[in-house]
Every structure is written in structure tokens, then in C-alpha cells.
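Notes follow once the structure below has been shown.
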Ligand SMILES: [Zn+2]
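Numbering (our numbering), first residue to last: 591 to 1069.
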């Protein structure tokens, strides 16, 4: 498990990531190429992510439901941009029960079509609106180049689908959800994401506006970490989602959709991980603290285990997510490496000397070595650890924010932009034309990430063509 070292991030970031996912016991490769098996430790992390988000969705009036995984293929033909965007990635079922199906069925790549079909049936009057439904599940997109958590053929996510009476309400919903995603990323996952609007070419297939949160990974590439879309009436016209308004006139609904997936786990790994392994933000860590009793002789063991058991009970009672590592077939050194690989925020070491002194050793995962070690009395340990977990959470966010800010630059000219995006993000004015965006992509492989909501007051000129420009955009190479 943790007996072999990872390649360093500097040596080979991609390989560091691949091996970390396996060694930290988060996921494994499935027999079908491109699919992943999320292992219990990875799933526990996902469960903490889902719990935090689900709470916020419900607090803002959303309810959960479940729609089928199979969708009539013809549904995808109804919205022309949507079908163009998803056709190459569709997995299609042609046979069932040993017979060829009359109509092939798509394995859902996303559920706008099936949910739109059902909303057309359910929504009749302005009194039925808004409809605010979320679904937790998985989807399938036939990806050619896959990477665990970042891009897999089947992945887990939530998809929210809402219908509203007016465009303003639908847009408000899109932004409300984006705020929930950003707050989650920043406060729970310690990811300093940037909120903004996607360019026309980076928009979701069928959307009028796509907004996203974008994070910087340690290799300085960008990762789109969640998206929230406004569809206008594109889907309601395609699926005839209509309602009678208060003046008795038949109107089309305004709809949105929004999603956050297991990709978030990839973002956490690549933002916080180090050469020893995973570093998890305490608020999401499945195990927040691990107790490692240290002893050599049976006499020492008896004393140490007694104290460790008592400490375990006290910390557990204080609500700390906890693990006792009482394995007797591996050394303490092995255990330290193992929990470091899995990113547990705090290690509590208890040895014979600690028993005598009435103390323990605390070791922080985010600060390895002497700097992160402290000797703490056993009395009052639960509150000390709770405080330490908050401090680690804040410190991880601060570190990631400083790293991000140190690697975003304002290019002087186009040549400068080319240099910057080779190893960082460029933040510059752009005329919002497809031509200039395409040129940057062809010259540098960098794409527009998003146009942030926070903009400078003064206007400028496009970094590519020199035409007047009102808004700045982030250019970066992305996952
Ligand atoms: Zn331009």
C-alpha cells in the first residue's frame, strides 16, 4: 500500500496523481476500460461532499428525485445543439432480453431530455412553478482518454434541473447554485475557485449561459470544478414544457441545470496533495484524526493501549471522525507513512513516555516534520484537536490561494501571454470573439476558463487583436 514512494510532483505530475489515487486507496481501474471502481475510502470522501451539498440544496428549496438511466435515443434529437454536443459520447443500448429493441436507448450522459419530457407532463400552471429537483446518480460519457476521477466513462454526480416562470428567476437560480458550489469549494474543500461565465465555445451544449467555478491545480492547469447553466427556453420549446400564466396565456418555461461530480475529488487531490500522498481538508476527511499507540514490550502495550482507548472515547464523544490504528503486524513507521498517504489531517501518537507525562504527540499532515509536531496534554485534548482541525482547514485554503495568486499573471502583449500560459494562468482583456479564442488555443493549447464576475472598472484592449474590450478572461491549459 504505502510501502513504495510516489514519483514526486516535479518529476511527473500525471504519474504522481495516478499512483496516489491507487495508493491512497481511493479508487481502482475497472475491467471495462475508462470505468473506475470507487473504493470505500474514496466513497466516504464522496459521501462527505454529497452531504455538505445536499444540505445546501435542501436549504434553498430543492428536493431530490430519481429518473431512469435509459433514455429514448430520439429525445436527443429534439434539441439540436444538445445532440451535436453529446452524440459522440453516447453509449447506446440496442438489445434487451435477447432481442433487438425497436428504438435504441441511450445510457444517460446527462438528464435534461428525460427530465424535460417529464416536466412537460407535470407542469400545467404558474402555480406549479418553480420546480426545483435534484438527482444524485451516475452518468456515462464514452470518453477516449480517461483518468481516475477527472474523466471516466461512468462518473458520479448530482444534476439539478429547474423550471421557472421568468428568465430573471431562472438566471437567479443559476447564480444561486453557482454560489453554493463556490462556497462549498472554498469553505469545505479549501479550494480557492473562481466564479465566472464561460465563453460561447466553452458553453454547455444547449445552454444560453454557462457559469463555472475554476480551480488551479499544482501543475498550474485549470480544472473546471462545477457548472451551472441557464437554458432560456431552448429545452422547454424542444420538450414543450409550458404553463398557463396568471393572465391565462400559455407560456414556455425558463429552465436551468447544474452539476458537480466526483471530479471534485480530483481537484482536492491535485490542489492539496504532496509528495507523501493525499492531504485532505479536515471538513471533508473521512478520518480526521488517527491514533497510533506506540510500544515495544507487553508491559508498555498494556499502559499505552489503556490511555489510547480512553483518548479514543473522548475524541469520539467530541464528534471527531476517528480511527485507532492498533494493527500489530506493521511498524509505527509504516503506519505513519500509510496515514500520510491517505491524507488524514492529524495523527495522535501515544507512547510509554507520553503515558508517564500525561501527554500525546500531535502531527499535522499539512505540515510534515518538526514544524507540524506538538506535545499536548491529554487533558482537554478534544478541544485542542478541534481547534487544530480548523487551523489546518484555514491554512490549506490560504496556501492554495497564495499559490494560485502567485501563478496568475497579466500579460503585456500576445508574446507574453504565450509564455505565461506555458506555466500559469494569464488574466487579460479579450474581445470575446471566437477567432481570437481559437488562435490562442491553436498557438498555446490554452483555452478561456471563465470571465470572472469581478472585473476591473476600466476597459482595455484584446490581448490578441487589439480591439476594444470590456472584460478580462482567464486563459489556461485545462484538464
Ligand atoms: Zn480579439
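Backbone N, C-alpha and C fix where the C-beta goes; we use that ideal spot for every residue, glycine too.
Remember, it's a predicted structure, so these values are computed and weren't measured experimentally.
Residue i classed as buried or exposed, judged by whether at least 16 other C-beta atoms fall within 10 angstroms
| i | result |
| --- | --- |
| residue 566 | No information on residue 566 is available, as it lies outside the stretch 591 to 1069 that the chain covers here. |
| residue 1018 | buried |
| residue 754 | buried |
| residue 1016 | buried |
| residue 1056 | exposed |
| residue 712 | exposed |
| residue 604 | exposed |
| residue 836 | exposed |
| residue 898 | buried |
| residue 1038 | buried |
| residue 805 | buried |
When the options are compared against residue i, the one with the closest alpha-carbon
| i | options | result |
| --- | --- | --- |
| residue 795 | 671, 937 and 1009 | 671 |
| residue 673 | 828, 687, 659 and 766 | 828 |
| residue 612 | 596, 621 and 624 | 596 |
| residue 849 | 776, 637, 728 and 1066 | 728 |
| residue 782 | 769, 914 and 942 | 769 |
| residue 634 | 980, 749, 932 and 939 | 932 |
| residue 842 | 904, 714, 897 and 748 | 714 |
| residue 647 | 683, 988 and 763 | 763 |
| residue 717 | 738, 834 and 774 | 834 |
| residue 925 | 883, 905 and 960 | 883 |
Distance cut-off 7 Å: residue i Cβ against heavy atoms of ligand 3
| i | result |
| --- | --- |
| residue 877 | By its list of ligands, the structure shown excludes ligand 3, since it contains just ligand 1. |
Inter-residue Cα distance where the pair is residue i and residue j
| i | j | result |
| --- | --- | --- |
| residue 591 | residue 954 | Because the pLDDT of residue 591 is 47, which lies under 50, any placement of that residue in the model is unreliable, and the number read from its coordinates should be weighed accordingly. When rounded, the distance between both Cα atoms is 21 Å. |
| residue 911 | residue 937 | 12 Å |
| residue 1060 | residue 1044 | 12 Å |
| residue 800 | residue 873 | 29 Å |
| residue 888 | residue 929 | 25 Å |
| residue 811 | residue 1036 | 9 Å |
| residue 855 | residue 838 | 48 Å |
| residue 1030 | residue 996 | 22 Å |
| residue 935 | residue 869 | 7 Å |
| residue 667 | residue 709 | 18 Å |
| residue 1053 | residue 784 | 21 Å |
| residue 686 | residue 1022 | 47 Å |
| residue 791 | residue 1024 | 7 Å |
| residue 706 | residue 826 | 7 Å |
| residue 939 | residue 677 | 55 Å |
| residue 632 | residue 699 | 22 Å |
| residue 916 | residue 679 | 47 Å |
| residue 787 | residue 814 | 12 Å |
| residue 746 | residue 776 | 21 Å |
| residue 878 | residue 625 | 29 Å |
| residue 1084 | residue 744 | Absent from the structure is residue 1084, since the part of the chain shown begins at 591 and ends at 1069. |
Beta bridge counterpart(s) of residue i as assigned by DSSP
| i | result |
| --- | --- |
| residue 967 | 949 |
| residue 851 | 747 |
| residue 840 | 834 |
| residue 821 | Answer is none; residue 821 lacks a bridge partner. |
| residue 619 | 626 |
| residue 913 | 880 |
| residue 685 | 690 |
| residue 725 | 749 |
| residue 813 | 805 |
| residue 653 | 723 |
| residue 730 | 744 |
Residue i at chain C interface by Cβ criterion, 8 Å
| i | result |
| --- | --- |
| residue 924 | In the displayed structure, chain C is absent; only one protein chain is listed. |
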